[in-house]
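Chains as they are written, first to last, in the working numbering: chain P, 168 to 448; chain D, 168 to 448.
Beta carbons are placed, not taken as given, at the ideal position from N, Cα and C, and that holds for glycine.
Everything numeric in this text was worked out from a predicted model, so none of it was measured.
Taking it in order: structure first as structure tokens, then the write-up.
2 protein chains.
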Amino acid sequence: MMVITSPKEMNAWSQTAKLQKKRIGFVPTMGCLHRGHLSLIEVARSQGKCDTVVMSVFVNPLQFAPNEDFDKYPRQWELDKKLAEDAGVDVIFHPSSEDMYPANAKTFVEVADLSSVMCGLTRPTHFRGVTTVVAKLLNIVSPQVTVFGQKDAQQCFIIRRMVQDLMMETKIIMAPIIRENDGLAMSSRNRYLSSDERTQAVCLSQSLERAEKMINAGEKRSAVILKAMHEYIQQNPLAKVDYITVVNTETLQETAEVFNKSLIALAVYFGKTRLIDNIIL
Amino acid sequence: MMVITSPKEMNAWSQTAKLQKKRIGFVPTMGCLHRGHLSLIEVARSQGKCDTVVMSVFVNPLQFAPNEDFDKYPRQWELDKKLAEDAGVDVIFHPSSEDMYPANAKTFVEVADLSSVMCGLTRPTHFRGVTTVVAKLLNIVSPQVTVFGQKDAQQCFIIRRMVQDLMMETKIIMAPIIRENDGLAMSSRNRYLSSDERTQAVCLSQSLERAEKMINAGEKRSAVILKAMHEYIQQNPLAKVDYITVVNTETLQETAEVFNKSLIALAVYFGKTRLIDNIIL
């Protein structure tokens with residue numbers, strides 16, 4: 168596995184690979200890899216039909232607000248390198264903040280409307296940071312296929328919109344959520360949880376399962392489903408709901424009824440730790 | 168000369184040309200071609216060392232404010248085709264607004280700070296429209312070299328900043344201003360001028376010449392130079408100054424003294440017609 172830190176070298180590597188007719192799959196991460204991230208590599212190879220996989224490891228300062236956890240966001244570069252290599256990554260791209268954001272950088276990419284709802288309500292500049300860094304990474308790595316996890320569903324839909332709007336060339340694949348045995352969606356932030364919080368955090372996925380059961384039994388009204396989810400989660404004294412919502416995946420606007428391809432998404436605080444989860448019908 | 172209207176076909180053409188190791192030069196325009204535009208084609212071939220030149224003709228609605236001249240902006244598609252072909256353009260890309268901005272498009276590219284000064288003061292959403300459409304065009308055409316005219320100097324510097332920040336692959340060349348015999352910078356908007364306005368409009372380039380003479384004679388103070396330019400232009404009763412400024416080309420911030428590479432730029436109204444001109448020292 169190659170390690171590349173310079174954007175120029177990364178781009179040169181990709182240009183050469185493309186001249187050799189290689190199909191490049193790209194897995195952008197903030198490191199601190201878990202099985203969720205590693206599953207994306209396999210998706211790039213199988214579903215994305217890629218010959219070669221580039222993974223980026225970059226904790227993007229632009230997507231953290233000043234009051235958020237940028238400084239204490241977990242970093243484990245040496246372990247990440249080993250995990251990526253074992254999982255079959257061909258190139259790991261690990262740029263510095265100075266290379267990604269030179270002092271005179273002024274350009275932002277923003278997806279209107281989709282970025283200001285759901286997680287955008289509590290994190291108003293978050294998705295602008297995500298779309299800006301992903302635009303840069305896509306131009307550097309120039310992949311035919313890029314894989315994101317459904318865990319960050321809003322992020323996936325926003326990036327897919329950006330790629331389509333800006334007529335960028337990559338195909339965006341959204342890969343399934345990988346869960347712990349008890350159902351908790353894997354996340355680098357799970358390690359922030361105390362033992363009690365960790366036990367109660369299973370209520371996120373369980374509330375989504377409950378919603379799915381109601382829908383399978385014929386319930387269509389979003390208000391009824393959301394009320395049941397709220398009540399279920401509120402049985403856990405350490406959980407504080409940020410939002411639970413039913414939206415259209417194209418517009419991310421709330422809908423009064425669920426339908427095929429509705430996204431049911433939620434964000435719940437445990438202390439300062441904010442966890443998210445979702446299902447797509 | 169080929170005419171392509173579909174973004175997908177345009178991109179496919181470029182990908183094929185690149186596999187044939189062709190070096191693509193790109194000249195984005197809003198049509199209504201004059202000698203200023205046509206000179207950019209030659210710059211792409213000579214300075215840009217391009218084998219093949221793509222010109223886009225697209226009047227971009229996103230860079231016009233509701234009170235501006237989008238509807239009456241001059242269009243002459245049949246004549247433009249002939250002029251482009253005679254000037255040696257290989258492909259003319261002429262997309263529809265619907266293809267460039269599908270109804271669900273939500274993505275904007277913005278260069279902060281540089282877009283809110285100078286022309287950005289009277290046209291606050293203009294450069295966001297420019298950078299968004301140019302980002303799309305660059306992704307569609309995928310050129311090695313892109314040529315803009317210095318006439319729109321602020322636009323050039325903003326786009327250069329965007330390309331560098333987003334790590335896009337094209338090289339931006341800024342080509343010299345082409346002028347009428349009396350010095351008026353060529354512009355599609357010159358045709359809006361009445362005969363009296365056209366006569367007086369020569370004061371723009373003459374005020375810049377005057378500034379250059381003062382600087383060559385040793386004057387460095389921006390305030391002194393700008394005062395002389397104001398006074399010179401105000402001798403023309405139909406001219407109404409929007410701005411005259413001395414800025415650093417990197418930051419577009421005003422400087423108290425001129426220096427090597429200062430940009431002296433101005434915008435002046437004649438009736439509803441707004442003309443711009445500049446020199447770079």
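Closest residue to residue i among the options (Cα-Cα distance)
i: Pro-195(D); options: Leu-207(D), Met-381(D), Ser-282(D); result: Leu-207(D)
i: Glu-386(P); options: Leu-351(P), Ser-361(P), Phe-426(P); result: Phe-426(P)
i: Glu-209(P); options: Ala-279(P), Arg-295(P), Asn-234(P), Ile-345(P); result: Ile-345(P)
i: Thr-274(D); options: Leu-229(D), Thr-313(D), Glu-252(D); result: Leu-229(D)
i: Trp-244(D); options: Thr-172(D), Ser-361(D), Ala-432(D); result: Thr-172(D)
i: Ser-354(P); options: Ile-382(P), Gln-402(P), Leu-371(P), Ile-339(P); result: Leu-371(P)
i: Tyr-240(D); options: Arg-356(D), Asp-349(D), Leu-360(D); result: Arg-356(D)
i: Met-335(D); options: Ala-378(D), Asn-178(D), Ile-382(D), Ala-302(D); result: Ala-302(D)
i: Val-279(P); options: Phe-260(P), Ala-384(P), Pro-291(P); result: Here residue 279(P) is Ala; the residue named in the question, Val, does not match the sequence. Here the closest residue by C-alpha is Pro-291(P).
i: Asn-403(P); options: Thr-366(P), Val-414(P), Lys-380(P); result: Thr-366(P)
Distance CB(residue i)-CB(residue j) smaller than 8 Å
i: Met-396(P); j: Ser-374(P); result: yes
i: Gln-322(P); j: Val-297(P); result: yes
i: Ser-213(D); j: Val-308(D); result: no
i: Val-226(D); j: Gly-198(D); result: yes
i: Ala-320(P); j: Asn-445(P); result: yes
i: Phe-315(D); j: Leu-419(D); result: no
i: Gly-438(D); j: Val-312(D); result: no
i: Leu-281(P); j: Arg-328(P); result: yes
i: Ala-352(D); j: Lys-318(D); result: yes
i: Thr-416(P); j: Ile-447(P); result: yes
i: Ala-272(D); j: Asp-332(P); result: yes
i: Ile-400(D); j: Ile-392(D); result: no
i: Val-256(P); j: Met-168(P); result: yes
i: Ala-378(P); j: Met-285(P); result: no
i: Leu-205(P); j: Ala-270(P); result: no
Contact list for residue i against chain P, beta-carbon separation under 7 Å
i: Val-276(D); result: Thr-274, Val-276
i: Asp-280(D); result: Lys-273
i: Leu-333(D); result: Thr-274, Ala-302, Lys-303, Asn-306
Distance between beta carbons of residue j and residue i, contact taken as under 8 Å
i: Val-221(P); j: Val-258(P); result: 5 Å
i: Val-276(D); j: Val-276(P); result: 5 Å
i: Lys-189(P); j: Asp-218(P); result: 5 Å
i: Glu-364(P); j: Leu-405(P); result: 5 Å
i: Glu-421(D); j: Thr-412(D); result: 6 Å
i: Leu-304(P); j: Thr-337(P); result: Not a contact, Cβ separation roughly 10 Å.
Residues near residue i in its chain [Cβ-Cβ closer than 6 Å; skip 5 each side]
i: Ala-423(P); result: Ser-389
i: Phe-193(P); result: Val-221, Val-308, Pro-310, Thr-313
i: Asp-247(P); result: Gly-198, Leu-200, Val-224
i: Leu-250(D); result: Leu-200
i: Gly-350(P); result: Val-369, Ser-372
i: Gly-287(P); result: Phe-294
i: Glu-252(D); result: Met-168
Own chain partners of residue i with C-beta closer than 7 Å, once the 5 adjacent residues on each side are dropped
i: Asp-409(D); result: Thr-289, Ala-434, Val-435, Tyr-436, Arg-441
i: Ser-264(P); result: Pro-228
i: Pro-174(D); result: Pro-262, Asp-266, Ile-307
i: Leu-360(P); result: Ala-368, Phe-437, Thr-440
Proximal residues of chain D, C-beta to C-beta of residue i below 7 Å
i: Leu-288(P); result: Residues of chain D passing the Cβ test: none, with the nearest at roughly 17 Å.
Interface partners of residue i on chain D, CB under 9 Å
i: Glu-417(P); result: Asn-271
i: Met-285(P); result: The contacting residues do not exist; Met-285(P) stays about 15 Å from chain D at best.
i: Met-329(P); result: Lys-273, Thr-274
Chain P contact residues for residue i, given Cβ-Cβ distances below 9 Å
i: Pro-404(D); result: Chain P residues near Pro-404(D): none, gap ~39 Å exceeds 9 Å.
Interface residues of chain D facing residue i [CB-CB closer than 8 Å]
i: Pro-174(P); result: Met-334
Close-in-space but distant-in-sequence residues of the same chain around residue i (CB under 8 Å, 5 per side omitted)
i: Phe-237(P); result: Val-226, Pro-228, Phe-231
i: Ile-340(P); result: Val-210, Ala-211, Gln-214, Gly-215, Val-312, Thr-313, Val-314, Phe-315
i: Tyr-268(P); result: Pro-228, Leu-229
i: Asn-234(P); result: none
Any non-hydrogen atom of the ligand COA within 7 Å of residue i CB
i: Arg-356(P); result: As presented, the structure is devoid of all ligands, the ligand COA included, so that no description of it is given.
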